[in-house]
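Since the structure comes first, as structure tokens, the remarks are kept for the end.
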Amino acid sequence: MEKLKLHTPDLTAQNIEKLAQLFPNCVTEARDEAGRLTQAIDFDQLRQELSGSIVEGPQEHYLLDWPGKQQSVLKSNEPITDSLRPARAESTDFTSTRNVFIEGENLIALKLLQETYLGEVDLIYIDPPYNTGSDLLYNDHFKEEEEGYLFRSGQKDNAGNRLMTNPESNGRFHSDWLTMLYPRLRLARNLLRESGVILISIDDHELPNATKLCEMVFGASNFIATLVWEKGRKNDARLFSVGHEYVLVFAKSLAALKAAKAIWREEKPGAREIWDKFVELRGRFAEDYRTIEIGLQKWFADLLKTHPSKKWSRYKHADKHGPWRDGDISWPGGGGPRYDVIHPKTKKPCAVPERGWVFAQPETMQKMIELGIVEFRDDHTEPPFRKQHIRPIVFEIEALAEIDDEAADSGEETEEDELATQVRGSYFYKQSQSTVKFLRNLMGAKVFDNPKDHFELARLFEYVTSGKADALILDFFAGSASTAHAVMHLNCQNGGQRRFILVQLPQPLDPEKKEQKVAAKYCDSIGRPRTIAEIAKERMRRAGAEITSAASEKGTKVDTGFRVLKIDTSNMRDVYYAPDALAQGDLLAQVDNIRPDRTPEDLLFQVLVDWGLDMSLPIAQETIAGKSVFFADGNALAACFDTGITDELVKEVAKRKPLRAVFRDSSYGSDSVKINVDQIFRLLSPDTEVRSI
Numbered sequence: 014m015e016k017l018k019l020h021t022p023d024l025t026a027q028n029i030e031k032l033a034q035l036f037p038n039c040v041t042e043a044r045d046e047a048g049r050l051t052q053a054i055d056f057d058q059l060r061q062e063l064s065g066s067i068v069e070g071p072q073e074h075y076l077l078d079w080p081g082k083q084q085s086v087l088k089s090n091e092p093i094t095d096s097l098r099p100a101r102a103e104s105t106d107f108t109s110t111r112n113v114f115i116e117g118e119n120l121i122a123l124k125l126l127q128e129t130y131l132g133e134v135d136l137i138y139i140d141p142p143y144n145t146g147s148d149l150l151y152n153d154h155f156k157e158e159e160e161g162y163l164f165r166s167g168q169k170d171n172a173g174n175r176l177m178t179n180p181e182s183n184g185r186f187h188s189d190w191l192t193m194l195y196p197r198l199r200l201a202r203n204l205l206r207e208s209g210v211i212l213i214s215i216d217d218h219e220l221p222n223a224t225k226l227c228e229m230v231f232g233a234s235n236f237i238a239t240l241v242w243e244k245g246r247k248n249d250a251r252l253f254s255v256g257h258e259y260v261l262v263f264a265k266s267l268a269a270l271k272a273a274k275a276i277w278r279e280e281k282p283g284a285r286e287i288w289d290k291f292v293e294l295r296g297r298f299a300e301d302y303r304t305i306e307i308g309l310q311k312w313f314a315d316l317l318k319t320h321p322s323k324k325w326s327r328y329k330h331a332d333k334h335g336p337w338r339d340g341d342i343s344w345p346g347g348g349g350p351r352y353d354v355i356h357p358k359t360k361k362p363c364a365v366p367e368r369g370w371v372f373a374q375p376e377t378m379q380k381m382i383e384l385g386i387v388e389f390r391d392d393h394t395e396p397p398f399r400k401q402h403i404r405p406i407v408f409e410i411e412a413l414a415e416i417d418d419e420a421a422d423s424g425e426e427t428e429e430d431e432l433a434t435q436v437r438g439s440y441f442y443k444q445s446q447s448t449v450k451f452l453r454n455l456m457g458a459k460v461f462d463n464p465k466d467h468f469e470l471a472r473l474f475e476y477v478t479s480g481k482a483d484a485l486i487l488d489f490f491a492g493s494a495s496t497a498h499a500v501m502h503l504n505c506q507n508g509g510q511r512r513f514i515l516v517q518l519p520q521p522l523d524p525e526k527k528e529q530k531v532a533a534k535y536c537d538s539i540g541r542p543r544t545i546a547e548i549a550k551e552r553m554r555r556a557g558a559e560i561t562s563a564a565s566e567k568g569t570k571v572d573t574g575f576r577v578l579k580i581d582t583s584n585m586r587d588v589y590y591a592p593d594a595l596a597q598g599d600l601l602a603q604v605d606n607i608r609p610d611r612t613p614e615d616l617l618f619q620v621l622v623d624w625g626l627d628m629s630l631p632i633a634q635e636t637i638a639g640k641s642v643f644f645a646d647g648n649a650l651a652a653c654f655d656t657g658i659t660d661e662l663v664k665e666v667a668k669r670k671p672l673r674a675v676f677r678d679s680s681y682g683s684d685s686v687k688i689n690v691d692q693i694f695r696l697l698s699p700d701t702e703v704r705s706i
């Protein structure tokens, strides 16, 4: 029976395999440090293959470089054996929630996520530590000391003599910051879908470096925008009040976004309330759209003149696509296409608008007619009109986007000028003090000085995921857990099923430090360890309770739970990974290869990671033949780690026909049972993949 490997992938080996597919003649054999033969790359031959574009020798070329860059690449590629241990007591709705909170070092977490969420994440948002010129917590055990930096950057010679009179004292911190972020972005890119997007909050100090770093990782051609987030002005500044931050926006593949016909829009103020009223009326009157229209018109009439929805009172009609108003069916600016559109009753061509049809192709027009977007007059003597919905359907948006581009180029008014949706600009304002006040009221104390506004994040998340209701969102610098709050809030607003994965280092809080005093005391007040991770979890609990209450009032349900997983050493003893290193005299002591302090559920989650299964899968536990058996997502995985396994138990598990089954290598009741496992599954469930640990 094959054993699970229980360590993350060796990314260097994977890169060699990819190169082997492209350039098989560049792959050779070499001996590693232990003298074993292994695959390697013949770089001379690879240079020859790429001789048309390779940069060799001392030739100057454009790149971002810093001391520690190559070491950080090696660090990101190294496999690890760490595990994720579940913490049920610290979780909310552990069994049923699809949200995950990982407590631990995020470089390790990103490696543990590689197989499970490869190409699965729709959006990554991070707010990494800003470079304040001080040492970083995320030092990965290879941050350079000042002497090493000065030598490698050419500011000192081998004898320790300074070669520059004005050393780059701050440069060391730029290098530390880049070395910290670079491997994390490399690993994060793997997790994004081809149409996925990453948002990075950053300030002035590292904006240029962060931009170049993203160009290295994601490609300069995948840059989308740099957003400016204005948060307020401080009148105590000596020169300028720098009250803004930036949000870098990169796509994994802008080409994939375009191929998916992604068009990002958000509703204008007042539009959502109209939609909510329509949904309410539809719930009462089903498909009686005439009665719904009467209800909408009365609602508009009763609104105050200052209400933001009042200006959209033209959307007083309704059909299956929602509220609509009469829209122009002619080409903006004139000179549009002219073709026959047959009236359904008279069977004659309708009059063509003076400026031509708004839809470029007859096939598009016909599709709009079938969808009920185009409404005919009583006869063919007048052109039909177009229903302009407050939330245009995707096909209509795609058809009009090309027209709007041409109209915008010519200076004409575009279709979108009259829609209740809009494209966002690259600048937005949200006063930061309102966020601080909101979080202080939620938590009962001012535990964070600069929390991100979860309302603004929710707007951004909805916008860049094109309203995808089941988007998976990752934040591996979770901080105050604003991302989790934003996702839950967004789901409550529109009934979505978005999920989040958060990662936060259990950064210690020191009550003796002025800026950490309140946060440390807050942890004491809730009876939890003094770490940022603990405050983040408490914020999620409190925000979840409020959102659950709000959703209940609306008659909806929102997943406000989160499954806490903590990074720890492997559940397996060292002998599992290096059996050859075991001395003969230690054999009896190593019969059980699992650490004695680990639980069956600890083993289950390491198996989930190793098999690349979603860590938020629902988990059930049953007793079969007197033993405890875990079932993940029904029959996706069956796992039993109890001792004394019998043929009876194996047969009962096999009858469930799980896709995968795993047992503890030392838990079989006898050697015959161990031998029979494969045979039993081959007979009762031949498609099951069986492994042991």
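For the sequence shown, this note's numbering assigns the number 14 to the initial residue and increments by one for each residue that follows. Just so it is clear, CB atoms sit at the ideal spot from N, CA and C, and this is done for glycine as well.
| Check | Outcome |
| --- | --- |
| Who are the Cβ neighbours of M501 in its own chain at under 7 Å, not counting the five residues just before and after it? | A556, G557, I560, V571, T573 |
| Can you tell me which of the three DSSP states T544 falls into? | strand |
| Specify, as a first and last residue, the run of the beta strand (DSSP E) that T239 falls within. | 236 to 243 |
| Quick check: L515 and A494, are their CB atoms within less than 8 Å of each other? | yes |
| What's the C-alpha gap between T478 and I29? | 33 Å |
| Hey, how far is the Cα of A649 from the Cα of T108? | 16 Å |
| So, I607 versus L621, is the Cβ gap smaller than 8 Å? | no |
| By DSSP, does L600 sit in helix, in strand, or in coil? | For L600, the predicted model reports a pLDDT of 44, less than 50, meaning its position is unreliable; a value from the coordinates is still stated below. DSSP places L600 in coil when its eight states are reduced to three. |
| Where DSSP assigns a beta bridge to F644, which residues make up the other side? | A633, A651 |
| Would you list the residues sitting across from P336 in a DSSP beta bridge? | A331 |
| Near D57, what residues of its chain come up, given a Cβ to Cβ distance below 8 Å and the 5 sequence neighbours on each side ignored? | none |
| How close, in whole Å, do the beta carbons of K265 and N235 come, if the pair is a contact with beta carbons under 8 Å? | 7 Å |
| Have a look at L191 and A223 and give me their C-alpha separation to the nearest angstrom. | 8 Å |
| By the three-class DSSP mapping on this structure, what secondary structure does A264 have? | strand |
| Can you list, in chain order, the residues of its chain with a C-beta nearer than 8 Å to that of E133? Leave out the 5 residues immediately preceding and following it. | L204, R206, L485 |
| Could you tell me if A482 is buried or exposed, where buried requires 16 or more neighbouring beta carbons within 10 angstroms of its beta carbon? | exposed |
| Express the C-alpha separation of V686 and L131 in angstroms, rounding to a whole number. | 36 Å |
| Do you know offhand how far E566's Cα is from C505's? | 11 Å |
| Per DSSP, D488 is paired with what? | L515 |
| Is it a yes or a no for the stretch 304 to 312 touching the stretch 320 to 338, going by three-plus beta-carbon pairs under 8 Å? | yes |
| Tell me, to the nearest whole angstrom, how far the beta carbon of P350 is from that of G369; I am working on the premise that it is less than 8 Å. | 5 Å |
| Tell me which residues share the same chain as D599 and place their Cβ nearer than 7 Å to its Cβ, disregarding the 5 neighbours each side in the sequence. | Confidence in D599 is poor, its pLDDT being 47 and thus under 50, which makes the residue's placement too unreliable to answer from. |
| From A275, S583, S89, R512, pick the residue whose C-alpha is nearest to that of F618; which is it? | S583 |
| DSSP three-state label for N689, please. | helix |
| What does the Cβ neighbour count give for P336, buried or exposed, with the cut at 16 atoms within 10 Å? | buried |
| Can at least three beta-carbon pairs, one atom from the stretch 236 to 251 and one from the stretch 441 to 448, be found at a separation below 8 Å? | yes |
| Is the beta carbon of Q517 less than 8 Å from the beta carbon of E219? | no |
| I'd like to check one pair, I580 with E46: are the Cβ atoms closer than 8 Å? | no |
| Do the CB positions of K324 and G283 come within less than 8 Å of each other? | yes |
| Who does Q435 pair with in a DSSP beta bridge? | E279 |
| Whose C-beta lies closer than 7 Å to the C-beta of A491 among residues of the same chain, with five residues either side of it excluded? | L515, V516, Q517, A549 |
| Considering only the beta carbon of each residue, do L123 and L200 sit closer than 8 Å? | yes |
| Put D615 into one of helix, strand or coil per three-state DSSP. | helix |
| Could you say which of S641, T496, C39, T21 lies nearest to I121 if we only look at CA atoms? | T21 |
| Please determine, among D249, T359, Y195, the residue with the shortest C-alpha to C-alpha distance to E228. | Y195 |
| Less than 8 Å separating the beta-carbons of V260 and S214? | yes |
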